[in-house]
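Engineer:
Protein chains in written order, with the numbering used here: chain A, 1 to 509; chain B, 1 to 355.
(1) Could you check if residue 325 of chain A is buried or exposed, using at least 16 other CB atoms within 10 Å of its CB as the buried criterion?
(2) Would residue 49 of chain A pass as an interface residue toward chain B - the criterion being a Cβ-Cβ separation below 8 Å?
(3) Closer than 9 Å by beta-carbon distance: list the chain B residues that pair up with residue 46 of chain A, in chain order.
(4) Between the Cα of residue 269 of chain A and those of A/192, A/89 and A/289, spot the shortest distance and give me the residue it belongs to.
(5) Would DSSP call residue 229 of chain A helix, strand or coil?
(6) What's the call for residue 42 of chain B, buried or exposed, on a 16-neighbour Cβ count within 10 Å?
(7) Listed in chain order, which residues of the segment 83 to 104 of chain B have Cβ atoms closer than 7 Å to some Cβ of chain A?
(8) Report all residues from its chain with a CB closer than 6 Å to the CB of residue 93 of chain B; omit the five preceding and five following residues, and keep chain order.
(9) Beta carbons nearer than 9 Å to chain A: which residues of the segment 233 to 259 of chain B have them?
(10) What is the rounded straight-line gap between the Cα of residue 346 of chain B and the Cα of residue 262 of chain B?
(11) How many Å lie between residue 293 of chain A and residue 373 of chain A at the Cα?
(12) Kindly identify the DSSP beta-bridge partner or partners of residue 274 of chain A.
(13) Which residues in the same chain have their Cβ closer than 6 Å to the Cβ of residue 253 of chain B, if we skip the five residues on either side of it in sequence?
(14) Here's a check: name, in chain order, each residue in its chain whose Cβ is nearer than 6 Å to the Cβ of residue 508 of chain A, leaving out the five neighbours to either side.
(15) Output needed for residue 305 of chain A: all residues of its chain with C-beta closer than 6 Å, excluding positions within five of it in sequence on either side, in chain order.
(16) Near residue 243 of chain A, which residues of its chain fall below 6 Å by C-beta distance, leaving aside the five closest residues on each side in sequence?
(17) Tell whether a beta-carbon distance below 8 Å holds between residue 491 of chain A and residue 236 of chain A.
(18) Going by alpha carbons, who is nearest to residue 138 of chain B out of B/52, B/330 and B/127?
(19) Express the C-alpha separation of residue 211 of chain B and residue 229 of chain B in angstroms, rounding to a whole number.
(20) When you measure from the CB of residue 434 of chain A to every non-hydrogen atom of the ligand NAD, does any distance come out below 7 Å?
(21) Can you find a C-beta in chain B that's less than 8 Å from the C-beta of residue 5 of chain A?
(22) Below 8 Å between beta carbons: does that hold for residue 301 of chain A and residue 232 of chain A?
(23) Would you say the segment 174 to 185 of chain A touches the segment 471 to 487 of chain A, given that touching needs at least three Cβ pairs under 8 Å?
(24) With H, G and I counted as helix, E and B as strand and the rest as coil, what does DSSP make of residue 324 of chain B?
(25) Using the Cβ count rule (16 or more neighbours within 10 Å means buried), how would you classify residue 44 of chain A?
(26) Classify residue 170 of chain A as helix, strand or coil using the three-state DSSP reduction.
(27) Identify the contact partners of residue 34 of chain B in chain A, using a Cβ-Cβ distance below 9 Å as the criterion.
(28) Mark residue 500 of chain A as exposed unless 16 or more other C-beta atoms lie within 10 angstroms of its C-beta, in which case mark it buried.
(29) Name the DSSP bridge partner or partners of residue 358 of chain A?
(30) Does DSSP put residue 312 of chain A in a helix, in a strand, or in coil?
(31) Are the segment 25 to 36 of chain B and the segment 337 to 345 of chain B in contact at 8 Å, needing three or more beta carbon pairs?
(32) Residues of the segment 42 to 53 of chain B with a CB closer than 7 Å to any CB of chain A: list them in chain order, please.
(33) For residue 520 of chain A, which residues in chain B fall below 9 Å Cβ to Cβ?
(34) Flag residue 25 of chain A as yes if its beta-carbon sits less than 8 Å from any beta-carbon of chain B, otherwise no.
(35) Exposed or buried, which one is residue 157 of chain B when buried takes at least 16 other CB atoms within 10 Å?
(36) Tell me the rounded alpha-carbon separation between residue 351 of chain A and residue 363 of chain A.
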């Protein structure tokens, strides 16, 4: 074979081989594979389509469901709200019903009450009418009674007037008789007193004794320890009251010289004493800022007068009323006390301390002696200063009224004793002595009951006695060993008592 | 003339693809996918058709697809037809492959990112072919984008007309072949003037891009069924060497001549002068086991000659006397490379005394 033919043969063989391969491979298997996959593919696509359709349906169902659920929610909410409304309405209805029953009950109750009230009102009305009728009756009665009364009063007045006329008549007759008597008396008097002088008696004239100048020491009594600052005789008696540093007040019988009574209760040393006119009450001024009022008979304290803020150094009681007590204390006040009330009724404040006080005879005026040496007069009711006069150049230590009340004796630290006229406040006498020195700020001097003599103690322990009428010393009594603080003359004329710093009291006759 | 090309383009291998058992997560295990794979196509291009079959049973993770045949991972840039011809000595229809979606063997296979990797590999081969044929790859590189896309599309879809339309612009020409004209048509001369052929009618002297897969065995076998299994790529020598067609007056350049020119070491007597030149062209050999070469060189000098057991091209075993030019014109792959699978029976190795 030629090369060409071999080549062509080879090519044909190759082609045949290709065909065979085709038959074996894709020719045989192709259709089978396609057939196998097609149903799957188609099925797959079928399923896919089905799935898609179902998905669409599902979506639509979901949408519908969501719409329905929304609606449902809305409906549920509405129903709930309407339920709530219905419930509210029910409640409201039940409330209203209960209210209605309540009001009905109330109404019936009120009706009943109203009926009762009406009944009561009718009753009351009828009563009222009755009462009205009674009232009218009463008024008529009253009127009648008034008329009677008036008539009776008129008659009584008439009677009274008649009586008064009768009395007047009787008085007139009496006066006539008295006049006649007087006239006859005068006639008799005139017959008695040939010299034509008319003599009259004073109060207490029966007690009058002429006082003599005491010279002898009758008793020497150790009265108080520490000193006796104040002595005082009872009115018209020989009983001596003394108060001292030992806080006691002793009542002595000067005849026997013995102690008859002691008054206790004072809390401080006794600086001044006074006694009421009826000799019933003793008032003591104490250094304890108080005043004590004792009832002498019982010995008990009737009052404790408080109010002063410093020691009370002078006290006096009214001779007329025995009710007003005046006291002076070193707090620059003078207080007026009412013993009935028991407290201070007036306070006089003055810049200069008062050392001594005394009431005037009429009990309306107070004389006070002050540290500035002036003598002042006060009205006790108003507390006003009536007048003042310079009594001493140094402090006034004592003021004492004479028995007749017209003159007042003042002693001062300038060792001068003055007599002042109460009305004019003019000096009517001055007494001095060389040895006479006033012992303390509260040395007391006194006037004799017959207004003839003045007695004063001295720092050297002697008692000086001046005559008022003569104006000079009539006697010097020496017995005390220590400065004499106080002198007082009994209303009976004798004795004269003097107390000194050691507490010894001497009585002189 | 077109008949052969049509057969070549329409050729498809029935595949039965099994999912590897390690990646089966459902019971019962999925049935294997049955698919026709085009011979001129590539395995990664089949993935979109296979994946739906197995996607429901895959374990979770990212897919890295690779195939193996009886444990040997398959190189994805080798067209499917060649893999079948090479690895199945006795063609197995359908061809049972195992697909893996996990555990890509990066030490054996180069990475594949899907269709794009395959496309770029194809274009690269095309450029290589153009360079070998024309000495430059201008024609390929100047191809317009739509042409590229259409060319690739025609390859994927197996559309021969579209392919011829586009690839004719590349002027990669056909080797002149008088036999084709004589067999089927009357006008010989007009056919011959296709491409860069010489108007004189003589066979043009040209270089043909060849990819040669040599599978050597030591023992002889009579039946292909008894052929030993290829279980490693080391057993295959891949020779990427063009064949120079020298037109000799009055002599036809046969397939055997071409094989011998490609494997001069096995046929020293025939082509001594070709030895050096062909050795020089050994630039793009992927796997040339050096030991084999030296052995063969030594053994070549022995008295025994190597025996070509079979030469497979496009699934057929043409006679070795077939004109090579016909083979080139009809059995070439779309990237203008001719893939030859050769089974060589090596002579008995005599270990020389001096080593």
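From the three backbone atoms N, C-alpha and C, an ideal C-beta is built for every residue, glycine too.
Structural biologist: This is what the structure holds:
(1) As a working mapping, residue 325 of chain A is identified with position 325 in the first chain. A buried status is given to residue 325 of chain A, since no fewer than 16 other beta-carbon atoms sit within 10 Å of its beta-carbon.
(2) Along the first chain, read from residue 1 onward, the residue named residue 49 of chain A stands at position 49. So no, residue 49 of chain A is outside the interface.
(3) Reading the first chain from its first residue, position 46 is the one you call residue 46 of chain A. Result: empty, since nearest Cβ-Cβ is about 15 Å, beyond 9 Å.
(4) The residue given as residue 269 of chain A occupies position 269 in the first chain. Put simply, of A/192, A/89 and A/289 the residue whose alpha carbon is nearest the alpha carbon of residue 269 of chain A is A/289.
(5) The residue you call residue 229 of chain A lines up with position 229 of the first chain. In this structure, residue 229 of chain A counts as strand in the three-state DSSP scheme.
(6) On the second chain, residue 42 of chain B is found 42 positions in, with the first residue counted as 1. It counts as buried.
(7) 93 and 94
(8) For the purposes of this step, residue 93 of chain B is taken as the residue at position 93 of the second chain. Residues 14 of the same chain have their beta carbon placed closer than 6 Å to that of residue 93 of chain B, with the five preceding and five following residues left out of the count.
(9) 250, 251, 252, 254 and 255
(10) Within the second chain, the letter at position 346 stands for residue 346 of chain B. Within the second chain, the letter at position 262 stands for residue 262 of chain B. Cα-Cα distance, rounded: 16 Å.
(11) Taking the first chain and counting its residues from 1, the one referred to as residue 293 of chain A is at position 293. Taking the first chain and counting its residues from 1, the one referred to as residue 373 of chain A is at position 373. Cα to Cα, the separation comes out at about 29 Å.
(12) As a first step, residue 274 of chain A must be located in the first chain, where it is residue number 274. Paired residue(s): A/283.
(13) Indexing the second chain from 1 puts residue 253 of chain B at position 253. Hits under 6 Å: 245 and 324.
(14) What you label residue 508 of chain A is simply residue 508 of the first chain in a count that begins at 1. Closer than 6 Å at the Cβ level, and outside the excluded window around residue 508 of chain A, lie 214, 217, 477, 495 and 496.
(15) Looking up residue 305 of chain A in the first chain gives position 305. Closer than 6 Å at Cβ, skipping near neighbours: 291 and 337.
(16) By 1-based counting over the first chain, the position of residue 243 of chain A is 243. Once the five neighbours on either side are set aside, the close Cβ partners of residue 243 of chain A are 230, 249, 270, 273 and 284.
(17) The residue given as residue 491 of chain A occupies position 491 in the first chain. The residue given as residue 236 of chain A occupies position 236 in the first chain. The answer is yes: Cβ separation under 8 Å.
(18) Within the second chain, residue 138 of chain B is the residue found at index 138, counting from 1. Nearest C-alpha to residue 138 of chain B: B/127.
(19) As a working mapping, residue 229 of chain B is identified with position 229 in the second chain. As a working mapping, residue 211 of chain B is identified with position 211 in the second chain. Each residue's Cα considered, the two are about 22 Å apart.
(20) Here there are no bound small molecules, and the ligand NAD is not part of this structure.
(21) The residue labelled residue 5 of chain A in the question sits at position 5 within the first chain. No, residue 5 of chain A does not count as interfacial toward chain B.
(22) For the purposes of this step, residue 301 of chain A is taken as the residue at position 301 of the first chain. For the purposes of this step, residue 232 of chain A is taken as the residue at position 232 of the first chain. Against a cut-off of 8 Å, the Cβ pair of residue 232 of chain A and residue 301 of chain A comes out as no contact.
(23) no
(24) Taking the second chain and counting its residues from 1, the one referred to as residue 324 of chain B is at position 324. Looking at residue 324 of chain B - three-state DSSP - the assignment turns out to be helix.
(25) Translated into the one-based positions of the first chain, residue 44 of chain A becomes position 44. Flag for residue 44 of chain A reads exposed.
(26) Locating residue 170 of chain A in the first chain gives position 170, where the first residue counts as 1. Three-state DSSP puts residue 170 of chain A in a helix.
(27) As a first step, residue 34 of chain B is located in the second chain; it is residue number 34 there, counting from the start. In chain order: 29, 32, 33, 36 and 37.
(28) Indexing the first chain from 1 puts residue 500 of chain A at position 500. With 16 or more other Cβ atoms within 10 Å, it is buried.
(29) The sequence position of residue 358 of chain A within the first chain is 358, counting from 1. Residue 358 of chain A pairs with A/367.
(30) The sequence position of residue 312 of chain A within the first chain is 312, counting from 1. Correct three-state label for residue 312 of chain A: strand.
(31) no
(32) none
(33) The question about residue 520 of chain A has no answer here: the residues shown for chain A are numbered 1 through 509.
(34) Working through the first chain from its first residue, we reach residue 25 of chain A at position 25. Yes, because at least one Cβ of chain B sits closer than 8 Å to the Cβ of residue 25 of chain A.
(35) As a first step, residue 157 of chain B must be located in the second chain, where it is residue number 157. By the neighbour-count rule (16 or more Cβ atoms within 10 Å), residue 157 of chain B is not buried but exposed.
(36) By one-based count along the first chain, residue 351 of chain A stands at place 351. By one-based count along the first chain, residue 363 of chain A stands at place 363. In a straight line, the C-alpha of residue 351 of chain A is about 24 Å away from that of residue 363 of chain A.
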